[in-house]
Amino acid sequence: MAERDYYEVLGVAKTATQDEIRKAYRRLAGKYHPDRNADNKEEAEAKFKEVQKAYEVLYDEEKRKMYDQFGHAGVNGQAGGGQGGFGGFGGADFGDIFGDMFGDIFGNRGGAQSGPRAYRGEDIGYQLDITLEEAVFGTTTRITVPTKVHCHYCNGTGAAEGSEPVTCTTCHGLGQVRVSQGFFSVQQTCPDCHGRGKKITNPCKHCHGSGSIRKNKTLEVKVPAGVDTGDRIRLSGEGEAGENGGPNGDLYVQIRVKKHAIFTREDENLYCEVPVSFTTAALGGEIEVPTLDGRVNLKIPAETQTDRVFRLRGKGVKPVRGGAQGDLYCTIKVETPVKLSSEQQEMLRKFGETLGENHAPKQNSWLDKAKRFFEDLGK
Numbered sequence: 001m002a003e004r005d006y007y008e009v010l011g012v013a014k015t016a017t018q019d020e021i022r023k024a025y026r027r028l029a030g031k032y033h034p035d036r037n038a039d040n041k042e043e044a045e046a047k048f049k050e051v052q053k054a055y056e057v058l059y060d061e062e063k064r065k066m067y068d069q070f071g072h073a074g075v076n077g078q079a080g081g082g083q084g085g086f087g088g089f090g091g092a093d094f095g096d097i098f099g100d101m102f103g104d105i106f107g108n109r110g111g112a113q114s115g116p117r118a119y120r121g122e123d124i125g126y127q128l129d130i131t132l133e134e135a136v137f138g139t140t141t142r143i144t145v146p147t148k149v150h151c152h153y154c155n156g157t158g159a160a161e162g163s164e165p166v167t168c169t170t171c172h173g174l175g176q177v178r179v180s181q182g183f184f185s186v187q188q189t190c191p192d193c194h195g196r197g198k199k200i201t202n203p204c205k206h207c208h209g210s211g212s213i214r215k216n217k218t219l220e221v222k223v224p225a226g227v228d229t230g231d232r233i234r235l236s237g238e239g240e241a242g243e244n245g246g247p248n249g250d251l252y253v254q255i256r257v258k259k260h261a262i263f264t265r266e267d268e269n270l271y272c273e274v275p276v277s278f279t280t281a282a283l284g285g286e287i288e289v290p291t292l293d294g295r296v297n298l299k300i301p302a303e304t305q306t307d308r309v310f311r312l313r314g315k316g317v318k319p320v321r322g323g324a325q326g327d328l329y330c331t332i333k334v335e336t337p338v339k340l341s342s343e344q345q346e347m348l349r350k351f352g353e354t355l356g357e358n359h360a361p362k363q364n365s366w367l368d369k370a371k372r373f374f375e376d377l378g379k
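Just so you know, we're using UniProt numbering here: the sequence shown kicks off at 1 and counts up by one.
The structure is reproduced here in structure tokens:
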């Protein structure tokens with residue numbers, strides 16, 4: 001199945017700014033996060049990954065340029081062609097083909113690569129689960145990440161102790177060879193040394209000649225205050241080791257905020273439900289409400305109905321990218337008395353007999369609507 005256009009996935013125009021792309025990603029990542037879609041987790045996870053992939057390409061300026069020019073092939077390592085590379089030239093890259101073409105015709109090969117190619121290490125990801133309090137106030141934590149690092153037994157050469165890699169006789173240390181394609185001369189990665197320019201005759205027993213090994217690496221991660229699920233923290237150079245002197249990749253720490261026992265979060269605002277006794281709701285009073293900053297007293301007016309919302313300004317979250325601090329919204333839930341004694345039940349019956357129509361306005365209104373509904377059915 002063909003991949004969807006990345007701009008379409010994020011719902012942004014091709015002229016979208018980096019800020020617009022980031023906002024679209026945060027909105028969609030929150031919408032499709034599997035933890036928020038328990039009833040349809042598989043479909044939500046697939047959409048979440050699609051959104052994340054689109055964001056990784058469009059938010060990176062270099063990748064975005066390649067995508068705008070070549071589409072999906074430009075960011076999948078196949079810019080300009082299908083499985084065999086451009087025009088069937090067996091994996092040669094776009095620059096090599098045209099550089100060699102015009103070099104052979106005009107006697108200028110300045111565009112051809114003259115030595116082994118350095119490869120940047122792969123980026124890796126890590127999911128970090130944190131509490132709501134850690135997300136709101138920030139934290140510093142240590143993580144252990146399995147990654148590929150240079151083999152310290154052979155110093156990354158791939159050769160056993162006491163030996164050294166030898167120059168490849170096929171490419172003479174260049175890492176690339178020229179292959180004639182009729183009128184054209186095409187430069188390709190050397191098939192014997194795979195672009196290294198050297199071959200391992202006596203491989204290191206620890207890395208088996210690759211020059212790198214898998215190792216658990218412990219890193220310190222500083223989580224800034226205000227982050228939310230879907231945010232990423234980039235640790236530059238902490239990804240997998242590069243090859244032939246290439247730079248390391250990056251580590252992207254993906255934030256996921258755990259479910260909280262009391263609060264739920266939407267952007268910069270927090271929400272909670274507050275149970276209130278029947279007598280407090282009827283007569284009014286003052287109750288203690290928890291916030292992430294501590295406890296506060298909330299005044300409950302007399303005749304408060306269930307689902308009434310009280311707003312506590314400034315008791316929400318300060319966004320990680322700046323802006324005003326959010327609020328805490330408390331939704332009142334009036335509790336009906338339970339486990340009443342016989343005496344209490346009798347007192348409640350007598351109390352109910354004293355109530356007139358004006359004491360239950362919502363009930364009376366609903367009963368009027370129900371009465372009209374049945375009258376309309378009988379017509």
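For every residue, glycine included, the Cβ atom is placed at its ideal position computed from N, Cα and C.
Around the CB of Phe373, fewer than 16 other CB atoms lie within 10 Å, so the residue is classed as exposed. DSSP places Ser212 in the uninterrupted beta strand (DSSP E) bounded by 212-223.
Under the DSSP definition of a beta bridge, Asn297 partners with Glu288.
For a cut-off of 8 angstroms, the C-beta gap from Ala29 to Val9 is around 12 angstroms, too long to register as a contact.
The beta carbon of Lys198 lies closer than 8 angstroms to those of Pro116, Pro165, Val166, Thr167, Cys168, Gly173 in the same chain, with the five residues before and after it left out.
In the DSSP secondary-structure assignment, Val253 is bridged to Tyr126, Ile233.
In terms of Cβ geometry, Tyr252 and Gly125 form a close pair [threshold 7 angstroms]. DSSP, reduced to helix, strand and coil, places Lys315 outside both helices and strands of the structure shown, so it counts as coil.
Take Asp123, set aside five residues on each side of it, and the residues of its chain with a beta-carbon closer than 6 angstroms to its own are Gly239, Gly249, Asp250, in chain order.
Cβ contact annotation for Arg214 (same chain, cutoff 7 angstroms, sequence separation greater than five): Pro146, Lys148, in chain order. According to the DSSP secondary-structure assignment, Asn37 is paired through a beta bridge with no residue. In this chain, Lys259 is not harboured by any alpha helix (DSSP H), its DSSP state being neither H nor E.
Take Val227, set aside five residues on each side of it, and the residues of its chain with a beta-carbon closer than 6 angstroms to its own are Ala135, Ile255, Val320, in chain order. Between Lys47 and Tyr32, the C-beta gap is smaller than 7 angstroms, which places the two residues in contact.
In the DSSP assignment, Thr354 falls within the unbroken alpha helix (DSSP H) covering 342-354. When secondary structure is reduced to three states using DSSP, Lys205 falls in the coil class, being assigned neither helix nor strand.
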